[in-house]
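**Student:** One structure coming up, written as structure tokens, with questions to follow.
Protein chains in written order, with my numbering: chain A, 2 to 214; chain B, 2 to 214; chain C, 2 to 214.
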């Protein structure tokens with residue numbers, strides 16, 4: 002299908018970014034080689050596997066090697082250039098853009114699957130969300146961090162917004178390629194705006210510890 | 002089916018209680034809005050989703066909006082009345098009763114699914130258990146608490162007891178509505194008794210730190 | 002099938018070892034009776050359940066009581082002999098051998114399922130890995146330890162190596178009983194060698210905290 006083929010292109014950029022992010026975390030946490038591999042794979046493809054478990058189909062990555070090759074090459078390259086020892090503003094900027102593309106592409110791919118299964122809005126949004134951030138959540142749970150998604154403002158929210166938009170489009174029969182690409186661009190823009198503009202969600206418990214009110 | 006329709010009524014009370022419990026935890030942990038939503042949904046419907054993944058069917062909540070509407074209204078109301086800022090004995094008592102009803106209703110609903118799939122006792126009990134407490138376990142793992150179920154005496158046990166009773170009843174062909182309702186009442190009574198009577202399970206390692214024996 | 006029947010024998014030894022390991026951890030963590038049961042079951046059969054969820058089939062343990070009886074008898078015996086209060090070199094050695102047998106038998110059983118489903122190398126290896134260590138990972142996540150697999154060198158690696166070997170054998174049509182048994186023996190030998198010879202995987206971040214380089 003055209004749409005999916007197209008989003009696949011973005012998904013590969015996202016896979017690269019997510020693999021890099023998992024690799025860096027694993028190295029920083031002083032894991033051994035296997036640990037780094039596990040954390041990298043969880044970040045890059047864990048969400049897709051959980052999504053496939055939710056809808057009861059064999060995980061795509063068990064059948065198709067594309068993403069695995071992309072991840073292997075990414076990690077090899079990251080290791081060869083000693084990425085974990087660099088600190089570089091251009092690199093960071095590139096990474097954030099690639100990560101945003103991945104976030105939105107994965108969210109749209111997951112949501113699209115939900116639309117194909119005729120799920121309700123919750124199902125469509127959850128599949129988008131899980132595809133994009135599920136792997137990162139499990140990774141954080143494994144290394145005993147509170148999942149980034151519970152703290153990192155406007156990351157998961159972007160996933161939810163673009164999945165919800167796809168659901169609405171599909172309900173009106175407007176989910177053709179151009180519309181989805183518009184959602185894609187808007188989603189990436191929202192994420193980058195949130196990152197550099199420091200948007201954040203309100204907290205319900207606004208009082209700080211140590212204050213009475 | 003009559004039984005399920007009937008238990009559904011209790012399940013809705015349970016969904017309300019579980020949603021409130023997730024909401025309060027999220028606020029107390031100072032999560033942002035999305036974090037509170039995630040924690041609330043996990044508590045209220047996470048167990049049912051895991052159960053559906055175990056038996057390989059599309060999660061019910063992806064197809065039916067009832068529980069989602071109940072949760073949304075509950076959280077909205079909880080927020081409107083600033084529930085997280087109240088401390089109130091009547092409220093606490095009501096909450097514990099509703100939570101007990103949810104625990105038992107969810108356990109019976111999960112166990113019933115296992116009976117319908119002709120599972121063994123373990124499968125029936127596990128499905129009941131996972132439906133009732135699986136969401137809370139994942140929630141606690143996410144926010145880095147040791148799951149309440151590993152410490153909170155006679156909570157999970159109640160789930161296991163009622164699911165086991167349903168299994169036994171079904172084996173003898175006695176799982177008609179009246180019998181299941183008796184199990185339901187007994188289960189809620191056991192939970193409340195355990196809560197207010199401070200029943201607890203024995204520990205295998207009885208010696209305390211700092212003692213020799 | 003001959004192969005599976007045969008590996009089942011080893012799997013039972015492994016189930017015993019994994020049940021003992023879960024039991025000891027639960028007692029050491031001062032969990033109550035239910036907590037010990039949960040941790041024991043997760044360690045012994047959690048991996049198999051996750052594997053079955055991945056391939057979308059009803060968990061075997063919901064249909065067949067064999068493993069459950071083995072686990073129940075194991076824990077009962079462990080408790081009767083107060084295993085958690087003994088410290089004994091012979092016992093430890095026996096345990097490590099049984100655990101290694103379990104690790105390799107579970108890995109082969111999981112990988113074999115992947116071969117039967119015609120999965121790619123990643124799918125075959127992941128199913129072997131998850132069957133062998135998935136339950137232990139979830140257990141460690143529940144009790145808030147960083148999963149042993151991320152630190153315990155050459156444990157998960159053994160699982161991956163034997164599953165990969167089975168995949169290669171199957172591709173060449175060499176996965177008959179004798180070849181698989183050779184892989185089995187080699188896998189157990191590798192694990193014991195790693196344990197007593199203190200093999201370990203390299204870390205990518207070799208510098209320690211507190212040093213500059």
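Note that beta-carbon positions come from the ideal geometry of N, C-alpha and C, so glycine has one too.
#1: How far does the alpha helix (DSSP H) with residue 168 of chain A in it extend, from its first residue to its last?
#2: Over what stretch of residues does the alpha helix (DSSP H) that includes residue 61 of chain B continue unbroken?
#3: Using a Cβ cut-off of 7 Å, pull out every chain C residue sitting near residue 129 of chain B, in sequence order please.
#4: Output, in chain order, the set of chain A residues within a Cβ distance shorter than 8 Å of residue 60 of chain B.
#5: Measuring only between beta-carbons, confirm whether residue 48 of chain A sits less than 7 Å from chain C.
#6: Hey, out of A:52, A:173, A:134, A:43, whose CA is closest to residue 114 of chain A's CA?
#7: Closer than 8 Å is the cut-off here; do at least three beta carbon pairs connect the region 33-46 of chain A with the region 98-113 of chain C?
#8: Please state whether the Cβ-Cβ distance between residue 171 of chain C and residue 129 of chain C is less than 7 Å.
#9: Closer than 7 Å, Cβ to any Cβ of chain A: which residues of the region 11-25 of chain B, in chain order?
#10: When Cβ atoms are compared, which residues of the region 94-125 of chain C fall closer than 9 Å to chain A?
#11: Is it right to say residue 63 of chain A is buried, meaning 16 or more other beta carbons lie within 10 angstroms of its own, or is it exposed?
#12: By alpha-carbon positions, which one of B:122, B:85, B:95, B:54 ends up nearest to residue 165 of chain B?
#13: Which residues bound the alpha helix (DSSP H) around residue 117 of chain C?
#14: By DSSP, does residue 146 of chain C sit in helix, in strand, or in coil?
#15: Anything in chain B within Cβ reach of residue 39 of chain C, meaning under 8 Å, just list it in chain order.
#16: Chain C partners of residue 145 of chain B, CB-CB under 8 Å?
#17: Please classify residue 87 of chain C: is it buried, with 16 or more other beta-carbons within 10 angstroms of its beta-carbon, or exposed?
#18: Who are the neighbours of residue 66 of chain A on chain C, taking C-beta pairs under 9 Å?
#19: Applying a beta-carbon distance threshold of less than 9 Å, which residues of chain C neighbour residue 84 of chain A?
#20: Can you have a look at residue 192 of chain A and say buried or exposed, based on whether 16 or more other CB atoms are within 10 angstroms of its CB?
#21: Starting from the Cα of residue 74 of chain B, find the closest Cα among B:144, B:13, B:178 and give me that residue.
#22: For residue 140 of chain B, does the three-state DSSP call read helix, strand or coil?
#23: For the alpha helix (DSSP H) holding residue 184 of chain A, just list the boundary residues, first then last.
#24: Between the Cα of residue 92 of chain C and those of C:187, C:25, C:179, C:194, spot the shortest distance and give me the residue it belongs to.
#25: Can you confirm whether the region 173-191 of chain C touches the region 136-143 of chain C when touching is taken to mean that 3 or more C-beta pairs between the two stretches lie within less than 8 Å?
#26: Whose C-beta lies closer than 6 Å to the C-beta of residue 49 of chain C among residues of the same chain, with five residues either side of it excluded?
#27: When the distance is taken between beta carbons, is residue 167 of chain B closer than 7 Å to residue 120 of chain B?
#28: Once the 5 residues before and after residue 76 of chain B are set aside, which same chain residues still bring their CB inside 7 Å of it?
#29: Closest by CA to residue 67 of chain A, which one among A:56, A:45, A:55, A:80?
#30: Among B:65, B:18, B:135, which one has its Cα closest to the Cα of residue 98 of chain B?
#31: My guess is that residue 138 of chain A and residue 126 of chain A are in contact by the Cβ rule of under 8 Å, so how many angstroms apart are they, rounded?
#32: Pick from B:27, B:10, B:11, B:16: whose alpha carbon is nearest that of residue 146 of chain B?
#33: Would you mind sorting residue 136 of chain B into buried or exposed? The rule is 16 or more other CB atoms within 10 Å of its CB.
#34: In angstroms, rounded to a whole number, what distance separates the CA positions of residue 15 of chain B and residue 55 of chain C?
**Tutor:** Taking the definition as stated:
#1: 157-172
#2: Counting along the chain, residue 61 of chain B falls outside any alpha helix (DSSP H), and DSSP gives it neither H nor E.
#3: The premise fails here: residue 129 of chain B is roughly 12 Å from chain C at the closest Cβ pair, so nothing lies under 7 Å.
#4: 55, 124
#5: With 7 Å as the cut-off, residue 48 of chain A does not count as an interface residue toward chain C.
#6: A:52
#7: no
#8: Taking 7 Å as the cut-off, the Cβ atoms of residue 171 of chain C and residue 129 of chain C do not count as close.
#9: none
#10: Residues of the region 94-125 of chain C with a Cβ closer than 9 Å to any Cβ of chain A, in chain order: 115, 118, 119, 120, 121, 122, 123, 124, 125.
#11: buried
#12: Answer by Cα proximity: B:122.
#13: 90-117
#14: coil
#15: What residue 39 of chain C touches in chain B: 150, 151, 157.
#16: 145
#17: exposed
#18: By Cβ distance, chain C contributes 121, 122, 123.
#19: Ordered by position in chain C, no residue passes the 9 Å Cβ test against residue 84 of chain A, which lies about 10 Å from the chain.
#20: Residue 192 of chain A comes out buried.
#21: B:13
#22: For residue 140 of chain B, the secondary structure class from DSSP, reduced to helix, strand or coil, is helix.
#23: Per DSSP, residue 184 of chain A belongs to the alpha helix (DSSP H) from 178-198.
#24: For the residues C:187, C:25, C:179, C:194, the minimum Cα distance to residue 92 of chain C belongs to C:25.
#25: No, the region 136-143 of chain C is not in contact with the region 173-191 of chain C.
#26: 132
#27: no
#28: Correct list, in chain order: 20, 24, 41.
#29: A:45
#30: B:18
#31: Actually they are not in contact, since the Cβ atoms of residue 138 of chain A and residue 126 of chain A sit about 15 Å apart, beyond 8 Å.
#32: B:27
#33: buried
#34: 30 Å
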